[in-house]
Amino acid sequence: MAKIVISSLFTYDPLVCGFQSGRDLSETDYNELNPSEEIDLDIARAVHHRLSKRVIKELVDSVMLCVMKKEIDNLILLMDNRTDPLQEEALKILQSRIGDSAQIEIIRVNGNDTLSVAREVVNSIDSFDPKTDEIRINISSLKHTKTLGMIYGSYVRSEKVKEIMYVEKEDRRVVNIPKLSLTLTKNQRKILQYFKDLECGKIEKPKKKLYDLFKVDKSSFYYIINLLKDKGLLDDGNKLTDMGEVALL
1287 MAKIVISSLF TYDPLVCGFQ SGRDLSETDY NELNPSEEID LDIARAVHHR
1337 LSKRVIKELV DSVMLCVMKK EIDNLILLMD NRTDPLQEEA LKILQSRIGD
1387 SAQIEIIRVN GNDTLSVARE VVNSIDSFDP KTDEIRINIS SLKHTKTLGM
1437 IYGSYVRSEK VKEIMYVEKE DRRVVNIPKL SLTLTKNQRK ILQYFKDLEC
1487 GKIEKPKKKL YDLFKVDKSS FYYIINLLKD KGLLDDGNKL TDMGEVALL
């Protein structure tokens, strides 16, 4: 049985006075941000360098701890498609440490787009057979907003996922996250898909009552609508939320 870990190398930018990682900080930059303060540029650059090294170490450790614990065969890494020297350096270190012990696959994605991240997680899960493969998700991204896409994708395919893992940075302990499910019933999926198609202009609003369209009684229809809203899949205007988009994957 093959053991697979789907992880990410999404970073946050280690900021020194608000500057993005990987930049060579200039005195002009600092003066624009803090015109009334005198800043020792050499000290600031040194701090920036140490922050960058720490980010790389945390990235590598969060993946390696999961890899070593499970003795995996395949490692799928979701990486930001923007230029990020920190994640590229982390990738080089991982490739060096893992060597030939596991196959590494890189998937580039817009890390700021939760739905895109979730879609890639779902596609990766679907590319394996849960009957013969053990699939684990590592959500220990340093960019917590980007972690949401990893979590959502795991929930949509929770029945195929063995574990959802998170590495606690304080004691370097791998903990298991509860697996929740975003599985929809047949009618829930039909109704959610209808509102998506309506919003996208793929279909026109029907003249008949919606509950007649879906061949359910009125009370059952509105029960499903309220349930979808309670789950955060539809907003009050019957438009799909990000979670609703993810649930249809």
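Per the numbering used here, the sequence shown starts with residue 1287, numbered consecutively.
Beta carbons: idealized from backbone N, C-alpha and C, even for Gly.
Within the model, the alpha-carbon separation for G1385 versus E1391 is close to 13 Å. In this structure the segment 1503-1514 does not touch the segment 1440-1451; the number of beta carbon pairs closer than 8 Å is below three. Within the same chain, E1449, I1450, M1451 come within 7 Å of N1462 by CB-CB distance, once the 5 residues on both sides are set aside. Collapsing the DSSP output to three states places E1456 in coil. Counting only runs of 4+ residues, the alpha helix (DSSP H) found wholly inside the segment 1324-1385 occupies 1327-1356, 1371-1384, in chain order. With 16 or more other Cβ atoms from the protein chains shown falling within 10 Å of its own Cβ, N1424 counts as buried.
The beta carbon of I1358 sits closer than 7 Å to those of K1289, I1290, V1291, A1388, all from its chain and outside the five residues before and after it, given in chain order. The beta carbon of S1467 is closer than 8 Å to those of Y1441, S1444, E1445 in its chain, skipping five residues each way along the sequence.
Comparing alpha carbon positions, the residue from E1531, I1437, F1481, S1426 closest to V1407 is I1437. Looking at the backbone, the Cα of E1456 and that of L1295 are separated by about 19 Å. Measuring C-alpha to C-alpha distances from E1344 to each of V1532, I1411, E1454, L1520 identifies E1454 as the nearest. The beta carbon of R1458 sits closer than 8 Å to those of D1347, L1351, all from its chain and outside the five residues before and after it, given in chain order.
In this structure, L1534 lies near K1482, with their beta-carbon atoms less than 8 Å apart.
In terms of Cα proximity to T1297, the closest of M1287, A1332, V1349 is V1349.
With 16 or more neighbouring CB atoms inside 10 Å of its own CB, I1477 falls in the buried class. N1398: not part of any beta strand (DSSP E); DSSP gives it neither H nor E.
Contact annotation, L1372 with I1393: C-beta distance approximately 18 Å; criterion of less than 8 Å not satisfied. Proximity to S1426 across L1434, D1419, E1420 peaks at L1434, based on C-alpha coordinates. For N1512, the enclosing alpha helix (DSSP H) begins and ends at 1504-1516. Burial check for A1404: the Cβ neighbour count within 10 Å reaches 16 or more, so the residue is buried. Straight across, the Cα-Cα distance linking L1380 with A1332 is about 25 Å.
Out of R1340, N1512, E1531, the CA that lies nearest to the CA of G1439 is found in E1531.
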